[in-house]
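Numbering (this note's numbering), first residue to last: 1 to 211.
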Amino acid sequence: MNEHTPRNVATTAEDAAKIVPRAEFRVFGHGIVETVEAKMWDAGAHLSQVRRMPAEIYVLSRRTDLANVKVRDGLLDIKARVGLTEAGYEIFQPRGKFRFPVKREELAAIFAALEVEVPLEAETYAFDTFLDMVRAHPDLTAVTVEKVRHGFTVDGVVCEFAEVFFNGALLESACCESEDHGGMAKAVAALGIADLPNTNYILAAKRVVGF
Numbered sequence: 001m002n003e004h005t006p007r008n009v010a011t012t013a014e015d016a017a018k019i020v021p022r023a024e025f026r027v028f029g030h031g032i033v034e035t036v037e038a039k040m041w042d043a044g045a046h047l048s049q050v051r052r053m054p055a056e057i058y059v060l061s062r063r064t065d066l067a068n069v070k071v072r073d074g075l076l077d078i079k080a081r082v083g084l085t086e087a088g089y090e091i092f093q094p095r096g097k098f099r100f101p102v103k104r105e106e107l108a109a110i111f112a113a114l115e116v117e118v119p120l121e122a123e124t125y126a127f128d129t130f131l132d133m134v135r136a137h138p139d140l141t142a143v144t145v146e147k148v149r150h151g152f153t154v155d156g157v158v159c160e161f162a163e164v165f166f167n168g169a170l171l172e173s174a175c176c177e178s179e180d181h182g183g184m185a186k187a188v189a190a191l192g193i194a195d196l197p198n199t200n201y202i203l204a205a206k207r208v209v210g211f
């Protein structure tokens, strides 16, 4: 989830590095929405909003699961996993949101995070050119992701359940995220998802498309 800004706007790598990352616990599967809806009100949930997100393009790499790279609203967005909590919650640090056409040095940093080598000769790259480069690389692939997200909080912990489509294939998801790791653990347990494996978007997308 990791919505650190009020709207999707361009952010430099330097500004992104100043954002305090939240820990995240996320699950994917079927029947998750029913489970969370049955428990969220007893957990003291406060509903915030329901959003149908614009379609996003996630870029997957065979060589790493630690870089979350996607395109949304004309922005190339990257987050990198920088740690795990004692409970195994993942911590992703924003690395920047770059508007197309993207500068060569920004794109080089993103490909480096994906652990692939791509020749970059131009000064800037348009979205269509970037997507062609991804599709042409044997260790990269692009996945279209669509989401309907239902946001709420439990004791100040940001939570959601969502319907997520990976190239049209539906999975359900639920998530808790916070800087308060103890509060997260309580929310995760209260929503009935603690026994499910912690799975981020990259891993879920890879499993769905067989990459």
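Beta carbons are placed, not taken as given, at the ideal position from N, Cα and C, and that holds for glycine.
Proximal residues to residue i (C-beta, below 8 Å), its chain only, five neighbours per side dropped
| i | result |
| --- | --- |
| Glu172 | Phe28, Gly29, His30, Gly31, Ile32, Val33, Phe161, Ala162, Glu163 and Val164 |
Boundaries of the beta strand (DSSP E) in which residue i is found, first to last residue
| i | result |
| --- | --- |
| Lys79 | Leu75 to Leu84 |
| Leu60 | Glu56 to Ser61 |
| His150 | Leu140 to Val154 |
| Val214 | With the chain represented from 1 up to 211, any question about residue 214 goes unanswered, as that position is not in the structure. |
Other residues of its chain near residue i: CB distance less than 6 Å, five sequence neighbours each side excluded
| i | result |
| --- | --- |
| Thr35 | Gly192 |
| Val157 | Cys176, Ser178, Gly183, Met184 and Ala187 |
| Thr11 | Gly96 and Lys97 |
| Ala204 | Phe28 |
| Thr85 | Ala23 and His181 |
Alpha-carbon spacing of residue i relative to residue j, whole angstroms
| i | j | result |
| --- | --- | --- |
| Asn200 | Val9 | 23 Å |
| Gly151 | Glu121 | 42 Å |
| Glu117 | Arg62 | 13 Å |
| Val143 | Asp73 | 15 Å |
| Pro197 | Asp128 | 35 Å |
| Lys147 | Ile57 | 12 Å |
| Ala189 | Gly210 | 30 Å |
| Met133 | Val71 | 14 Å |
| Glu24 | Phe111 | 24 Å |
| His137 | Gly88 | 32 Å |
| Asn2 | Pro119 | Its pLDDT being 42, under 50, Asn2 is placed unreliably by the model, and nothing is read from it. |
| Glu37 | Pro21 | 27 Å |
| Ala174 | Leu75 | 25 Å |
Beta-bridge pairing of residue i - partner residues as DSSP gives them
| i | result |
| --- | --- |
| Lys97 | Thr11 and Asp77 |
| Ile91 | Ala23 and Gly83 |
| Gly29 | Glu172 |
| Thr124 | Lys103 |
| His137 | Beta-bridge pairing links His137 to no other residue. |
Start and end residues, alpha helix (DSSP H) containing residue i
| i | result |
| --- | --- |
| Phe111 | Arg104 to Ala113 |
| Lys70 | Premise fails: Lys70 lies in the beta strand (DSSP E), Thr64 to Arg72, not in any alpha helix (DSSP H). |
| Val164 | Segment Val157 to Phe166 is the beta strand (DSSP E) holding Val164; no alpha helix (DSSP H) there. |
| Val50 | Taken as a continuous stretch (DSSP letters only), Val50 belongs to no alpha helix (DSSP H), being part of the beta strand (DSSP E) at His46 to Arg52. |
| Val188 | His181 to Ala190 |
Cβ-based neighbour list, residue i, same chain, cut-off 7 Å, excluding 5 preceding and 5 following
| i | result |
| --- | --- |
| Gly83 | Ile91 |
| His4 | Low per-residue confidence applies at His4: pLDDT is 39, beneath 50, and the placement is therefore not dependable, though the value from the model is reported in the following sentence. Answer for His4: Ile19 and Pro94, listed in chain order. |
Inset, instruction - Could you tell me whether the segment 62-69 touches the segment 165-185, where touching means 3 or more Cβ pairs closer than 8 Å? - result: no
Inset, instruction - Would you be able to state if there are at least three C-beta pairs under 8 Å between the segment 35-51 and the segment 81-100? - result: no
Legend entry - Three CB pairs or more closer than 8 Å across the segment 48-55 and the segment 104-115: no
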